[in-house]
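Here's the structure we're looking at; comments come further down.
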Amino acid sequence: MIDYGLHGKVALVTGASGGIGRAASLVFARSGASVLVCDVNEAGGAETVAMIEAAGGKAAFQRCDVSKSDEVKAMVAAAVSTFGGLDCAFNNAGINRLGDDEYDDAIWERNMGINLSGVMRCMREEAEVMVARGGGAIVNTASINGIVGNGGQPAYVAAKHGVVGLARHGAL
């Protein structure tokens, strides 16, 4: 296995109850990091933690809806209180709804609240802890839709374009 230099590091992954987030959590753990598994899906998050622990890794679960600032603050605080800090974060939580009804205000706001504003909230809280600690790394899930458009997904495409912009800004 490739040594990613994560032994003794602390990783936080949102959207970690399945799919890409679960896979990333498992890679972080296999690479020696302690992993805070974060999601609104508690059962799926518990499964991810169990998989990490069964493989000999260290993990804990924190329920977090990234559309809520107080939950994002609690999530980052949980990484610090549970594992002693935060070195890397993978902001992967997201939703996707197909159809032109994404122009409906409630659907648009929910999509933006998770897919764009949620990433901003996570980056803001994670960066504060990482800077105080001397550095770290933040990765955000965007999409090819963050570079090109895709018919029938206006809110998703707009949010993912925003995530690309946030990442570029954060790299400055």
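Numbers in my numbering are just positions in the sequence shown, counted from 1, shifted up by 376.
Cβ atoms here follow ideal geometry from the backbone N, Cα and C, with glycine treated the same way.
As the structure is a prediction and not an experimental result, all values here were calculated from the model.
query, result
"Alpha helix (DSSP H) segment containing residue 526, residue limits", "Element bounds for residue 526: n/a, residue is neither H nor E."
"Beta-carbon proximity check, residue 431 vs residue 405, cutoff 8 Å", "yes"
"Coarse secondary structure for residue 415, derived from DSSP in three states", "strand"
"Beta-carbon contacts of residue 540 that lie in its chain and below 8 Å, excluding the five residues immediately before and after", "518, 522, 523"
"Same chain only: Cβ atoms within 6 Å of residue 449, ignoring 5 sequence neighbours per side", "501"
"Residues near residue 398 by beta carbon distance below 7 Å, same chain, minus five either side", "392, 424"
"Under 8 Å between C-beta atoms of residue 389 and residue 413", "yes"
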